[in-house]
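Let me begin by presenting the structure, written as structure tokens, before commenting on it.
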Amino acid sequence: MILSGAEIVVETLIEQGCKTVFGYPGGQVINLYDALYMRSDRIHHILTAHEQGASHAADGYARASGEVGVVIATSGPGATNLVTGIATAYLDSIPLVAITGNVPNSLIGRDSFQEVDITGVTLPITKHNFLVKSVDKLADTIREAFVIAKSGRPGPVLVDVPKDVQVAKCPYQVCPVVEKQPQKLASGDKLAAAARMIAESERPYIYFGGGAVSAGISAEITALADKIDAPIGCTMMGLSAVPVDNPRYLGMEGMHGHYASSVGQDEADLIITVGARFSDRATGNVSKYARRARIIHIDGDSAELDKNVTVDLGIACDVKDALTRLLDLIGEETHPEWMARIAQLKAAEAEQFERVVPKDRLTPYAVIHEVAKYTDADTPIATDVGQHQMWVAQFYPFGNPRTFISSGGLGTMGFGLGAAIGASMATGRQTVLFTGDGSFGMNLNELATLTAEQAPVKIILLNNKVLGMVRQWQTLFFEQHYSNTDLHTRRTDFMKLADAFGMPGFQIRTLDELAPVMEKAFATEGPVLVECAIDEDEFVLPMLPPGGSIEDIITERGDN
Amino acid sequence: MDRFVIAILVDNQPGILTRVSSMFNRRGFNIDSLTVSETEEPNHSRITISLTGDQAIARQIIKQLKKLYNVREVKIMEKDRSVYRELALIKLRNSPETRQEVLSAVDIFRSRIVDFSRNTLCVEITGETSKIEAFIQLVEPLGILEMCRTGVVAIERGCSYLNSESNQ
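Quick note, the sequences are listed as chains Y and R, same order.
Everything in the first sequence is counted per the numbering used here, starting at 1 for the first residue and increasing by one.
Everything in the second sequence is counted per the numbering used here, starting at 1001 for the first residue and increasing by one.
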């Protein structure tokens, strides 16, 4: 059939299995929005308040579902508003296809109204991008964008479609959903070498990152740990791939990692790393990282091997296949002494927690614990960025994979609300957003989207009236110079704000109010905002100071 | 620190040079020289990059290059198994006092004079970078007025080829 470029975009999205897209109309995508209007029976477009919110929503949709998220924006400012969202997806390897309109080919390069070279702008933050010059290339380019976004190490791809290409017509034929490109398989020699290193190890530690979530290897990781009698730790991006109640699981390690996980990793003699990239937040001072250990690094992206940390054995391959085959190569091992040491570390951590956390007032821990009573193993838990994010990463009892929706690599404040909407749309489930007053202030305009869609997102706003994470650094490393981190002069009334956007608001000021108010909030249908007053000097602990190593770990206030 | 010459075969598409050079820039790798030109296949271009760094950096660069979508093949042109060439055009002051010295330098280095005017002369010299640098050092005191260099191109000796079917 002969279709216009705009219709081809929409038909190709439908053909590729896309049911929900996020976006915002504008001058250079009117044709595209007309085509969406005509096909609204097949594809649901969610209008956000701002293109940035749309990009985070598409990202949250992808994180929660494992599908490719799609976002649409107009040229110029519409396109540049996507930039933070695209960079967020790039740093966390999230499959995203961004479609932007642009001025007609004849006007490109003339600084036309709302013209921006968006392929140039997004060059370093996309896996690849395309400027489609003619309509006959359009459908295949979008298909190629999907292949690139989901193959290998996933990531964002941008397709820029000039207005005249949307208007021009050409034949279109439906194609099947594109397949991921197969990844290289690990060589038998390398897997045998890994098996030997495992057999020689007395203190193995299994360490996974976001790659474990995208490759869907939760079962393989726990099977490996059981077979070789090893503890399991992870990066922040790995959270939710292994359930918190697994007895071998120590939680995330690194700057704000669990004590047992970070110390356990430091004491290990072998770190079996799967789908992690040794970011500075995970390793601290690289020269002092894992000094006692040999490192096996299994990753889908060969460029990650020896990038940040030089490893003893690097295997770039399909990680699921590699773990499955490795499991067949290794024998059952037991390490009673090592596991006793791990148990000791866990006990020390629990004891620290008991000592540090007050039980007589409203704390973030109490809030997270209370929220968890109303969620299940499949509830998507989105966060913004800052102290609240770390508390959730540390203490929320994650169950099933893809339930932790958080900006790791880029650390994007303002990510959470859009992402929570996307995750809720992807799963059809009640979704929780933990946010802070700083992050929430960045993109709270998306409350409009939330109420329009009546998505069941429960927003838990931890309000300490400061930019807590920066304040914590100022307390520890900048002689309490609280430069521009005090928000007490802001007079935002979050209850009136919720009301203004058309959703119920709840306030929790004391520990006594926590249980009854939370019960009411979760009994309310649709979106709700729950503001919880917490202390401005609440710390995220433990903490490895930036550039520090395990010896520098701060486990309680006053250690500094 | 070693000098590496890397040959990159890319799809002949707009923007590919930007993609390659931008990767170097954002990952903090320094380029000593870069050339790009047509190849025996019309749909491929060949980029030759020369850089200084250690083995680990060279390996990382190759892996990052291979991740770029329009990059087909990447290979280090090993010094002992490749021919390196570079061309320079050097404009020198042409004065009676220095002329003889310039002419003998041109002769010894097997370069040639491609332009000659009352006050200037232009030398074309081809060879490995070290030869060109030796020549420049020699004529520098005589007054270099202007200079441009192509940067290194390299090709492997014998039956090794860099094409989209070749394997490292």
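Think of the CB as a built atom: it goes at the ideal place given N, C-alpha and C, for glycine as much as any other residue.
These figures come from a predicted structure and were not determined experimentally.
Coarse secondary structure for residue i, derived from DSSP in three states
{"i": "Y/M543", "result": "strand"}
{"i": "Y/S424", "result": "helix"}
{"i": "Y/E551", "result": "helix"}
{"i": "Y/V159", "result": "strand"}
{"i": "Y/N484", "result": "coil"}
{"i": "Y/S287", "result": "helix"}
{"i": "Y/Y396", "result": "coil"}
{"i": "Y/Y37", "result": "helix"}
{"i": "Y/H258", "result": "coil"}
{"i": "Y/Y90", "result": "helix"}
{"i": "Y/Q183", "result": "coil"}
{"i": "Y/D164", "result": "helix"}
{"i": "R/M1001", "result": "coil"}
{"i": "R/M1147", "result": "strand"}
{"i": "Y/I459", "result": "strand"}
{"i": "Y/E332", "result": "coil"}
Identified DSSP bridge partners for residue i
{"i": "Y/M252", "result": "Y/C234"}
{"i": "R/T1035", "result": "R/T1048"}
{"i": "Y/I315", "result": "Y/I298"}
{"i": "Y/G85", "result": "DSSP output for Y/G85 lists no bridge partner at all."}
{"i": "Y/T273", "result": "Y/Y207, Y/H297"}
{"i": "Y/F22", "result": "Y/I46, Y/V71"}
{"i": "Y/Q507", "result": "Y/E531"}
{"i": "R/V1071", "result": "R/V1010"}
{"i": "R/G1127", "result": "R/E1086"}
{"i": "Y/K169", "result": "Y/S4"}
Separation of residue j from residue i, as counted between CA atoms
{"i": "R/S1104", "j": "R/K1079", "result": "30 Å"}
{"i": "Y/R292", "j": "R/K1067", "result": "32 Å"}
{"i": "Y/G216", "j": "Y/A241", "result": "8 Å"}
{"i": "R/S1022", "j": "Y/I368", "result": "43 Å"}
{"i": "Y/L450", "j": "Y/E349", "result": "39 Å"}
{"i": "R/G1151", "j": "R/I1108", "result": "22 Å"}
{"i": "R/Q1064", "j": "Y/G251", "result": "31 Å"}
{"i": "Y/P124", "j": "Y/A347", "result": "45 Å"}
{"i": "R/E1133", "j": "Y/P162", "result": "48 Å"}
{"i": "Y/R355", "j": "Y/K184", "result": "49 Å"}
{"i": "R/M1001", "j": "R/F1029", "result": "13 Å"}
{"i": "Y/L410", "j": "R/N1012", "result": "33 Å"}
{"i": "Y/G300", "j": "Y/T119", "result": "26 Å"}
{"i": "R/E1140", "j": "R/I1090", "result": "10 Å"}
{"i": "Y/T79", "j": "R/P1014", "result": "Note that residue 79 of chain Y is Ala in the sequence shown here, rather than Thr. Computed Cα separation, rounded: 21 Å."}
{"i": "Y/A139", "j": "Y/E513", "result": "56 Å"}
{"i": "Y/F146", "j": "Y/Q16", "result": "8 Å"}
{"i": "Y/P25", "j": "Y/L96", "result": "19 Å"}
{"i": "Y/S151", "j": "Y/P247", "result": "33 Å"}
{"i": "Y/R471", "j": "Y/T489", "result": "16 Å"}
{"i": "Y/I534", "j": "Y/E7", "result": "51 Å"}
{"i": "Y/L417", "j": "Y/N443", "result": "7 Å"}
Member of the options whose CA lies at the smallest distance from the CA of residue i
{"i": "R/R1085", "options": "R/L1092, R/S1130, R/I1057, R/T1098", "result": "R/S1130"}
{"i": "Y/F501", "options": "Y/V71, Y/E538, Y/N445", "result": "Y/N445"}
{"i": "Y/G157", "options": "Y/V274, Y/S218, Y/F130, Y/E531", "result": "Looking at the sequence provided, one finds Val at residue 157 of chain Y rather than Gly. With distances taken between Cα atoms, Y/V157 lies closest to Y/F130."}
{"i": "Y/D136", "options": "Y/E115, Y/V165, Y/E144, Y/V159", "result": "Y/V165"}
{"i": "Y/G188", "options": "Y/E253, Y/T324, Y/A260", "result": "Y/T324"}
{"i": "Y/L362", "options": "Y/R509, Y/E337, Y/G558", "result": "Y/R509"}
{"i": "Y/T235", "options": "Y/G468, Y/A58, Y/S406", "result": "Y/S406"}
{"i": "Y/V517", "options": "Y/I272, Y/E370, Y/H388, Y/W473", "result": "Y/E370"}
{"i": "Y/S424", "options": "Y/H56, Y/A35, Y/Y33, Y/S40", "result": "Y/H56"}
{"i": "Y/T88", "options": "Y/F415, Y/A420, Y/P397", "result": "Y/F415"}
{"i": "Y/G505", "options": "Y/G386, Y/D160, Y/V528, Y/T555", "result": "Y/V528"}
Residue i burial status per 10 Å Cβ neighbour count (16 or more: buried)
{"i": "Y/I2", "result": "exposed"}
{"i": "R/Y1161", "result": "exposed"}
{"i": "R/S1111", "result": "buried"}
{"i": "Y/N463", "result": "buried"}
{"i": "Y/N102", "result": "buried"}
{"i": "Y/Y37", "result": "exposed"}
{"i": "Y/K359", "result": "exposed"}
{"i": "Y/N560", "result": "Confidence at Y/N560 is low in this model, with a pLDDT of 47, below 50, so its placement is unreliable and no value can be given for it."}
{"i": "Y/D583", "result": "No statement about residue 583 of chain Y is possible, as the shown extent of chain Y runs from 1 to 560 and does not include it."}
{"i": "Y/G331", "result": "exposed"}
{"i": "R/N1163", "result": "exposed"}
{"i": "Y/Q28", "result": "buried"}
Residue i beta carbon near the ligand MG (any heavy atom closer than 7 Å)
{"i": "R/R1157", "result": "This structure does not include the ligand MG; it has no bound ligands of any sort."}
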